[in-house]
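Accompanying notes for the structure given below.
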Amino acid sequence: MGLVICSLLWNAADAGQQKIKYDGDGYHLVRFPYVAGQESYDPWHMHDPAHGGGTPSKFPDARSGLIWPSHDGWGVLTALAFWEPHSSPTEYRTRFVRDPLGAGYDSTATSDSAPTGGGQYRSYVWQMFVHKGTPLGFKISARGRGDAKVAAPLVHAQFKLAIHTDVHTP
Numbered sequence: 007m008g009l010v011i012c013s014l015l016w017n018a019a020d021a022g023q024q025k026i027k028y029d030g031d032g033y034h035l036v037r038f039p040y041v042a043g044q045e046s047y048d049p050w051h052m053h054d055p056a057h058g059g060g061t062p063s064k065f066p067d068a069r070s071g072l073i074w075p076s077h078d079g080w081g082v083l084t085a086l087a088f089w090e091p092h093s094s095p096t097e098y099r100t101r102f103v104r105d106p107l108g109a110g111y112d113s114t115a116t117s118d119s120a121p122t123g124g125g126q127y128r129s130y131v132w133q134m135f136v137h138k139g140t141p142l143g144f145k146i147s148a149r150g151r152g153d154a155k156v157a158a159p160l161v162h163a164q165f166k167l168a169i170h171t172d173v174h175t176p
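Shown next, in the form of structure tokens:
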């Protein structure tokens, strides 16, 4: 079975603080730099700044938060978010989204969790069919009392897509 992979990493210590900007849906599309190294891996050019516009994207614009599947297939999406341990949210939310910047916005695998007594480290996994030409994004939200959005600092994030390209049908 064929497998193609894109693995993205952003770390505040290396790439600077990521300002959390909430979109109309109340979530922030996590952005990733266009660099290789560490955990980042993109031989299929699924996180290419040329995708999705007339001019190349530049980190940290919104398009730098997209993975563009290179193949149709069964996608395994994984993500990791580390929040500043002493921030004030009462709830953390995440979701994977198909076409997060376009008219075909389709969120899936939305989850929420309460803060723990220690570090705020979360990992996520979801599986779904992915299609070439339909970008994917990882969105986050930190909420306070009364569902108020909080600008809690994100300090580390990863977003990965593994596409099984040889899906058999009966």
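Residue numbering for the sequence shown follows the working numbering, starting at 7 and increasing by one per position. No residue lacks a Cβ here, since even glycine has one placed at the ideal position from N, Cα and C.
Supposed contact pair residue j and residue i - C-beta distance, whole angstroms, cut 8 angstroms
| i | j | result |
| --- | --- | --- |
| Phe-182 | Leu-83 | Given a span of 7 to 176 for the chain in the structure shown, any question on residue 182 remains unanswerable. |
Residue i classed as buried or exposed, judged by whether at least 16 other C-beta atoms fall within 10 angstroms
| i | result |
| --- | --- |
| Arg-69 | buried |
| Leu-9 | exposed |
| Lys-145 | buried |
| Ser-63 | buried |
| Pro-141 | buried |
| Pro-49 | exposed |
For residue i, the first and last residue of its enclosing alpha helix (DSSP H)
| i | result |
| --- | --- |
| Ala-21 | 18–21 |
Bounding residues of the beta strand (DSSP E) (the contiguous stretch that carries residue i)
| i | result |
| --- | --- |
| Ala-148 | 142–149 |
| Gly-81 | 79–89 |
| His-51 | Run containing His-51: none; DSSP gives neither H nor E here. |
| Asp-153 | That residue, Asp-153, is in no beta strand (DSSP E); it is neither H nor E in DSSP. |
| Ala-115 | 112–119 |
| Thr-100 | 97–104 |
Residue i (DSSP reduced to helix, strand or coil)
| i | result |
| --- | --- |
| Arg-37 | coil |
| Asp-31 | coil |
| Ala-68 | helix |
| Gly-124 | coil |
| Asp-191 | Absent from the model: residue 191. The displayed extent of the chain is 7 to 176, so no value can be given. |
| Trp-74 | coil |
*State whether the stretch 12–25 contacts the stretch 45–64, with contact taken as three or more CB pairs (one from each stretch) at a distance under 8 angstroms.*
At 8 angstroms Cβ cutoff, the stretches touch.
*Do the stretch 38–46 and the stretch 89–101 meet, that is, are 3 or more Cβ pairs less than 8 angstroms apart?*
As far as the Cβ criterion goes, the stretch 38–46 does not touch the stretch 89–101, which means the pair count is below three.
*Any contact of the stretch 71–90 with the stretch 147–164, i.e. 3+ C-beta pairs under 8 angstroms?*
Yes, they touch.
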